[in-house]
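Participant: Chains as they are written, first to last, in this note's numbering: chain A, 131 to 397; chain B, 7 to 289; chain C, 143 to 427.
Every residue gets a Cβ at the ideal spot worked out from N, C-alpha and C, and that includes glycine.
As the structure is a prediction and not an experimental result, all values here were calculated from the model.
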Amino acid sequence: MIKDITIGQYFPGKSPVHRMDPRAKILLTAAFIVMLFVSHNIWGLLVGAAFTLVTFLISRIPLKLMFKSLKPILPIIIFTGLLNLFFIKTGEPYFKWKIFQVTDEGVSTAVFMAVRIICLIIGSSLLTYTTSPIDLTDAIERLLSPLKKIKVPVHELAMMMTIALRFIPTLIEETDKIMSAQKARGADMETGSLMKRAKALIPILVPLFVSSFRRAEELALAMECRCYHGGEGRTRMKQLHLSAVDFFAFIFTAVFFAGVIVLNILL
Amino acid sequence: MDSFLKAEGLWFSYINEAEDPPVKTEVLKGVDLDIKKGEFVAILGYNGSGKSTLAKCFNAINIPEKGKAYVDGIDTSDEERLLDIRQRVGMVFQNPDNQIVATIVEEDCAFALENMGVPPAEIRQRVDDALKTVGMYDYREHAVHKLSGGQKQRVAIAGIIAMRPECILLDEPTAMLDPAGRREVMKTIKMLNREQGVTIVLITHYMEEAAQADRVVVIDSGEIMLDGAPKQIFTQVQTLRNLGLDVPQVTELCYELKKAGVDIAQDIIGEEECAKALFELLK
Amino acid sequence: MAVIKTENLTYIYGEGTPFEKRAVDNVSLEINEGEMIGVIGHTGSGKSTLIQHFNGLLKPSSGNVYIDGERLWEDKARLRQIRFKVGLVFQYPEYQLFEETCYKDIAFGPKNMGLTESEIDIRIKETAEMVGLKSELLEKSPFELSGGQKRRVAIAGVMAMRPKVLILDEPASGLDPKGREQILTMLKDYHTATKSTVMIVSHSMEDVARYADRILVMNRGALYCLDDTEKVFAKADELMAMGLSVPQITRVFARLKEMGVSFNKDVYTTPYAVKTILERLGKSV
Numbered sequence: 131m132i133k134d135i136t137i138g139q140y141f142p143g144k145s146p147v148h149r150m151d152p153r154a155k156i157l158l159t160a161a162f163i164v165m166l167f168v169s170h171n172i173w174g175l176l177v178g179a180a181f182t183l184v185t186f187l188i189s190r191i192p193l194k195l196m197f198k199s200l201k202p203i204l205p206i207i208i209f210t211g212l213l214n215l216f217f218i219k220t221g222e223p224y225f226k227w228k229i230f231q232v233t234d235e236g237v238s239t240a241v242f243m244a245v246r247i248i249c250l251i252i253g254s255s256l257l258t259y260t261t262s263p264i265d266l267t268d269a270i271e272r273l274l275s276p277l278k279k280i281k282v283p284v285h286e287l288a289m290m291m292t293i294a295l296r297f298i299p300t301l302i303e304e305t306d307k308i309m310s311a312q313k314a315r316g317a318d319m320e321t322g323s324l325m326k327r328a329k330a331l332i333p334i335l336v337p338l339f340v341s342s343f344r345r346a347e348e349l350a351l352a353m354e355c356r357c358y359h360g361g362e363g364r365t366r367m368k369q370l371h372l373s374a375v376d377f378f379a380f381i382f383t384a385v386f387f388a389g390v391i392v393l394n395i396l397l
Numbered sequence: 007m008d009s010f011l012k013a014e015g016l017w018f019s020y021i022n023e024a025e026d027p028p029v030k031t032e033v034l035k036g037v038d039l040d041i042k043k044g045e046f047v048a049i050l051g052y053n054g055s056g057k058s059t060l061a062k063c064f065n066a067i068n069i070p071e072k073g074k075a076y077v078d079g080i081d082t083s084d085e086e087r088l089l090d091i092r093q094r095v096g097m098v099f100q101n102p103d104n105q106i107v108a109t110i111v112e113e114d115c116a117f118a119l120e121n122m123g124v125p126p127a128e129i130r131q132r133v134d135d136a137l138k139t140v141g142m143y144d145y146r147e148h149a150v151h152k153l154s155g156g157q158k159q160r161v162a163i164a165g166i167i168a169m170r171p172e173c174i175l176l177d178e179p180t181a182m183l184d185p186a187g188r189r190e191v192m193k194t195i196k197m198l199n200r201e202q203g204v205t206i207v208l209i210t211h212y213m214e215e216a217a218q219a220d221r222v223v224v225i226d227s228g229e230i231m232l233d234g235a236p237k238q239i240f241t242q243v244q245t246l247r248n249l250g251l252d253v254p255q256v257t258e259l260c261y262e263l264k265k266a267g268v269d270i271a272q273d274i275i276g277e278e279e280c281a282k283a284l285f286e287l288l289k
Numbered sequence: 143m144a145v146i147k148t149e150n151l152t153y154i155y156g157e158g159t160p161f162e163k164r165a166v167d168n169v170s171l172e173i174n175e176g177e178m179i180g181v182i183g184h185t186g187s188g189k190s191t192l193i194q195h196f197n198g199l200l201k202p203s204s205g206n207v208y209i210d211g212e213r214l215w216e217d218k219a220r221l222r223q224i225r226f227k228v229g230l231v232f233q234y235p236e237y238q239l240f241e242e243t244c245y246k247d248i249a250f251g252p253k254n255m256g257l258t259e260s261e262i263d264i265r266i267k268e269t270a271e272m273v274g275l276k277s278e279l280l281e282k283s284p285f286e287l288s289g290g291q292k293r294r295v296a297i298a299g300v301m302a303m304r305p306k307v308l309i310l311d312e313p314a315s316g317l318d319p320k321g322r323e324q325i326l327t328m329l330k331d332y333h334t335a336t337k338s339t340v341m342i343v344s345h346s347m348e349d350v351a352r353y354a355d356r357i358l359v360m361n362r363g364a365l366y367c368l369d370d371t372e373k374v375f376a377k378a379d380e381l382m383a384m385g386l387s388v389p390q391i392t393r394v395f396a397r398l399k400e401m402g403v404s405f406n407k408d409v410y411t412t413p414y415a416v417k418t419i420l421e422r423l424g425k426s427v
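1) Return the residue from the list Ala384/A, Arg366/A and Ile381/A that minimises the CA-CA distance to proline 126/B.
2) With DSSP run on the structure shown, which of helix, strand or coil describes lysine 377/C?
3) In whole angstroms, give me the CA-to-CA distance for isoleucine 176/A and cysteine 115/B.
4) Pick helix, strand or coil for proline 313/C, following the three-state DSSP scheme.
5) Could you tell me which uninterrupted beta strand (DSSP E) segments, each at least 3 residues in length, are contained entirely in the region 207 to 242 of chain B, listed from first to last along the chain?
6) Identify, in the order they occur along the chain, each residue of the same chain with its Cβ nearer than 7 Å to the Cβ of aspartate 81/B, setting aside the five sequence neighbours on each side.
7) In chain B, which residues lie less than 7 Å from aspartate 318/C when you measure between Cβ atoms?
8) What are the boundary residues of the alpha helix (DSSP H) that arginine 272/A is part of?
9) Compute the distance between the beta-carbons of valine 181/C and valine 231/C, then report whether it is under 8 Å.
10) Counting contacts by CB-CB distance shorter than 8 Å, is proline 125/B in contact with chain A?
11) What residues in the region 390 to 422 of chain C have a beta carbon less than 7 Å from any beta carbon of chain B?
12) Examine chain A for any beta-carbon lying closer than 8 Å to the beta-carbon of phenylalanine 18/B, and answer yes or no.
13) Within a Cβ cutoff of 7 Å, which residues of the same chain sit near lysine 337/C, ignoring the five residues on either side of it in sequence?
14) CA-CA distance, cysteine 355/A and isoleucine 179/C?
15) Identify whether valine 33/B lies in helix, strand or coil by the three-state DSSP scheme.
16) Whose Cβ in chain C lies nearer than 7 Å to the Cβ of leucine 259/B?
17) State the Cα-Cα distance for the pair tyrosine 353/C and threonine 148/C, rounded to the nearest angstrom.
18) What are the start and end residues of the beta strand (DSSP E) that includes threonine 208/C?
19) Give me whichever residues DSSP pairs with alanine 364/C in a beta bridge.
20) Taking 7 Å as the limit between beta carbons, can you name the residues of its chain near cysteine 249/A, skipping five residues before and five after?
21) Give the residues of chain B in contact with glutamine 369/A, contact being defined as C-beta atoms less than 8 Å apart.
22) Whole angstroms is fine: what's the gap from leucine 284/B's alpha carbon to lysine 373/C's?
23) If we define contact as Cβ-Cβ less than 8 Å, is leucine 89/B a contact residue for chain A?
24) Any chance you could list the alpha helix (DSSP H) runs of at least 4 consecutive residues sitting entirely within the region 314 to 353 of chain A, in chain order?
25) Classify phenylalanine 240/C as helix, strand or coil using the three-state DSSP reduction.
26) Tell me, please, whether the CB atom of glycine 385/C is closer than 8 Å to any CB atom in chain B?
27) If we count the other Cβ atoms within 10 Å of its Cβ and call it buried at 16 or more, is tyrosine 52/B buried or exposed?
28) So who's on the other strand from valine 388/C, going by DSSP bridges?
29) Of all the options Thr411/C, Leu171/C, Tyr234/C and Ile309/C, which has the alpha carbon lying nearest to the alpha carbon of methionine 360/C?
30) Specify whether the region 38 to 51 of chain B and the region 197 to 212 of chain B touch according to this definition: at least 3 beta carbon pairs, one from each stretch, less than 8 Å apart.
31) Go to asparagine 319/B, then tell me how far its beta strand (DSSP E) extends in each direction, as first and last residue.
32) Please decide whether valine 268/B counts as near chain C, where near means a Cβ-Cβ distance under 8 Å.
33) Give a yes or no on whether the C-beta atoms belonging to threonine 300/A and isoleucine 334/A are separated by under 8 Å.
34) Using a Cβ-Cβ cutoff of 8 Å, what residues of the region 288 to 313 of chain C are near chain A? List them in chain order.
35) If you measure from the beta carbon of glutamate 120/B to each beta carbon in chain A, is any gap under 8 Å?
36) How would you call isoleucine 195/B, buried or exposed, if buried means at least 16 neighbouring beta carbons within 10 angstroms?
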């Protein structure tokens, strides 16, 4: 059933990574991505990988969950790996057959790229696994708030995100209900050509749109009744505070970042 | 007592611009109504009688076409005072799903206060108070979509009372709930009225709910037909039926018995008094 | 003959997950042809899950469902055919209307059954009359109609399939007293005219008491009872303990009993209450 799909990847917990300020998490994730891309030798990358591993262990996210988020990326990792393996012609050849040849440089580049992508996925998944979507939205709004000065509607965008998150479960439930109702009237959504199946969606999509508009209208009214008048003069109940965990995380990341730079220069 | 909500010769129409020429539907036709501070008023009427439209005139969602609507002496057509009006008169709607903005209970409850620019520490305090009042404090960190209908509706009420309004308008708040949810909501509404002195305007189709109010107003085709204490209203069984409305079963019973020649009081609207009257008759 | 029969029907949500829940627990029941059944139970009692088994929208975790003597899920290819025998009207059915005109919307079910144009036309006209829709409304968009009319169109869409059993989940919810009355009377008339089985799921004990021959009570996933209306309301105390409400009139008579005035039979409708009291007073009715 559609209802069973869990929305977002948030995995609630109380680890130090969970407790960090979401703004700090976003900034440090960005720093981490830069770290992965500036390291241009395998030693630098290993420092990045060590950083990923340590953070992952601290977060206490189950290994199984992490595999799940890597699974969809696996074909890409394999594809780029093979590409690097067979089409890098420089370096000492190990093996040659027709146009294909595998060189030592090809192997090291393939491994290098694979490790980089895996670290990238694990690192960014850690952000979404340890931060609730609401906290993320909140943090993005605050980080982007300087952009309000150049007339970017930061508050409006964040509000839209919040409402979307709120209504996803409601709409999923509704879709489920409409599907059951149309099935009860003999709608057939499982057999027939692609064209026929696409047409079979009309009895589901039309009511869904109609009801979404109705919901939007009612919600807008309810928001107005609760004094909503845009982002101007708005305060927030929850204040984000940088705490000791965040300062520690900054230092921790800085040390690893420095390690990467040093290794880049030395080797 | 002071008048809190006041309508004077109120007219309101909806204009459907999609039609050519635009079609105008008159919904309210000269409504005069005066609701006092601390009153609990139930509004009855069939769907389309204009009762929701009237309620929306009292928090400046609808601006009267003719006549005036006042909230605590403020003219609702005064745009400068819009937020003042909405802080004084909160509104709860029928569908609990479509009035909850945030994913988490306490975040939703804070929404109005955040809009009003209340300082964070005070928001926290008021949100906690409001959730305790409706008995949802233990659920403050729960996701809204996992609650029952009655619980969602109580969260919606908490979001309104966090504004500390003097009056709450409820537009069929129990229509989509099961009997248990209906009882939860009615208990909350009555408590707010009796213990906190909040003025309550309850639009409902359930006669048993209306019987619990201090005063019942019946609207028909945009005009006020009946206005009085529940005992005075519900005993007009035939008039109410003609208006497409019901009466509580106990009132109907006494009415039918009287018609059959039994000497029984005609102003019975509650179970206990009905049982007592029947007991006197049958003992 | 039983038109619907279940044997040890059990349905478990999210089997094998931490959210596992027995929504329907070992329910065995028989519903006869031509009955008018009221279905009651608190929210989450499993009544909605139960009725979705009757036309194969849900597959039992264990146990069986027989429709008209035929076992559901035995042959998946037959499922759709059997489904046409049991019409299911969901709560707020007006929210599933989608066609440009009411006519086309009512035709959706019959079309899926593969009926001819002329047969569909006959059925639409017949059901429109049955639900009280004026013929000029048929060519209008369903979205232009009033709430009560929309609901009639939606119900007609299922009736036009001429199911042997018509099941409605809260058909009167959200309507005003007059609208409720009209919809329920319309269903009673449909029941009388077609002699088909009708099941009404409702929270309103007053409505169920007035229209049903038998009442099915669900409690925490289990079948609490399926019995004649008066016998069910005789258990008023137990129903109230389950979080269900009984008609106000029944509560008054329960109170009278406490005071020492008791009657042989339980009272659950106003006309019956009037009759009972008049008889006791020795007045002719």
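Facilitator: Let me spell this out:
1) For the purposes of this step, residue 126/B is identified with residue 120 of the second sequence, where counting begins at 1. It is Arg366/A whose Cα lies nearest to the Cα of proline 126/B.
2) Taking the first residue of the third sequence as position 1, residue 377/C is located at position 235. The answer is coil: DSSP assigns lysine 377/C none of H, G, I, E or B.
3) On the first sequence, position 46 is the one that residue 176/A refers to. On the second sequence, position 109 is the one that residue 115/B refers to. With the sequence shown as reference, residue 176/A is identified as leucine, and isoleucine is not the correct amino acid for it. Taking the straight line joining both Cα atoms gives about 47 Å.
4) Counting from 1 along the third sequence, the entry for residue 313/C is found at position 171. If DSSP states are grouped into helix, strand and coil, proline 313/C belongs with coil.
5) 221 to 226 and 229 to 234
6) Mapped onto the second sequence, residue 81/B falls at position 75. For aspartate 81/B, where only same-chain residues beyond five positions count, the Cβ hits under 7 Å are Lys74.
7) As a first step, residue 318/C is located in the third sequence; it is residue number 176 there, counting from the start. The answer, in chain order, is Tyr52, Asn53, His211 and Gly250.
8) Working through the first sequence from its first residue, we reach residue 272/A at position 142. Looking at the DSSP string, the run of the alpha helix (DSSP H) that includes arginine 272/A is 263 to 274.
9) Counting from 1 along the third sequence, the entry for residue 181/C is found at position 39. Counting from 1 along the third sequence, the entry for residue 231/C is found at position 89. Contact flag unset, no.
10) The count along the second sequence starts at 1 and reaches residue 125/B at position 119. Chain A contact via Cβ: present.
11) Gln390, Ile391, Arg393, Val394, Arg397, Leu398, Met401, Val403, Thr412, Ala415, Val416, Ile419, Leu420 and Arg422
12) Walking along the second sequence from the start, residue 18/B turns up at place 12. Not closer than 8 Å to any Cβ of chain A, the Cβ of phenylalanine 18/B fails to qualify, so no.
13) In the third sequence, residue 337/C corresponds to position 195, counting from 1. Within the same chain, lysine 337/C has close Cβ partners Gly176.
14) Numbered from 1 along the first sequence, position 225 holds the residue referred to as residue 355/A. Numbered from 1 along the third sequence, position 37 holds the residue referred to as residue 179/C. Cysteine 355/A and isoleucine 179/C: Cα-Cα distance of roughly 43 Å.
15) One-based indexing of the second sequence puts residue 33/B at position 27. Valine 33/B falls in the strand class under three-state DSSP.
16) Taking the first residue of the second sequence as 1, we reach residue 259/B at position 253. Going along chain C in sequence order, the residues near leucine 259/B (Cβ under 7 Å) are Ile391, Thr412, Ala415 and Val416.
17) In the third sequence, counting from the first residue as 1, residue 353/C sits at position 211. In the third sequence, counting from the first residue as 1, residue 148/C sits at position 6. Each residue's alpha carbon lies about 24 Å from the other.
18) Counting from 1 along the third sequence, the entry for residue 208/C is found at position 66. The question names threonine, but residue 208/C is tyrosine in the sequence shown. Taken as a continuous stretch (DSSP letters only), the beta strand (DSSP E) holding tyrosine 208/C covers 204 to 209.
19) Along the third sequence, one-based indexing puts residue 364/C at 222. According to DSSP, alanine 364/C bridges with Asn361/C.
20) Start at 1 with the first residue of the first sequence, and residue 249/A comes out as number 119. Excluding sequence neighbours, cysteine 249/A sits near Leu166, Gly178, Ala179 and Thr182.
21) Here residue 369/A is taken as the residue at index 239 of the first sequence, counted from 1. Here the neighbours are Pro126.
22) Residue numbering aside, residue 284/B sits at position 278 when the second sequence is read from its first letter. Residue numbering aside, residue 373/C sits at position 231 when the third sequence is read from its first letter. Cα-Cα distance, rounded: 23 Å.
23) Your numbering for residue 89/B matches position 83 in the second sequence. At least one chain A Cβ lies under 8 Å of leucine 89/B.
24) 324 to 329
25) By one-based count along the third sequence, residue 240/C stands at place 98. Residue state, collapsed to three classes: coil.
26) Within the third sequence, the letter at position 243 stands for residue 385/C. Judged by the 8 Å Cβ criterion, glycine 385/C is in contact with chain B.
27) The residue labelled residue 52/B in the question sits at position 46 within the second sequence. Buried.
28) Translated into positions along the third sequence, residue 388/C becomes position 246. None, per the DSSP bridge assignment.
29) Looking up residue 360/C in the third sequence gives position 218. When only C-alpha atoms are compared, the closest one is Leu171/C.
30) yes
31) The question about residue 319/B has no answer, for chain B in this structure spans 7 to 289.
32) If you number the second sequence from 1, residue 268/B lands on position 262. With 8 Å as the cut-off, valine 268/B counts as an interface residue toward chain C.
33) Residue numbering aside, residue 300/A sits at position 170 when the first sequence is read from its first letter. Residue numbering aside, residue 334/A sits at position 204 when the first sequence is read from its first letter. No. Outside cutoff.
34) Gly299, Val300 and Met303
35) In the second sequence, counting from the first residue as 1, residue 120/B sits at position 114. Interface residue, yes.
36) Translated into the one-based positions of the second sequence, residue 195/B becomes position 189. When all chains shown are included, isoleucine 195/B counts as buried.
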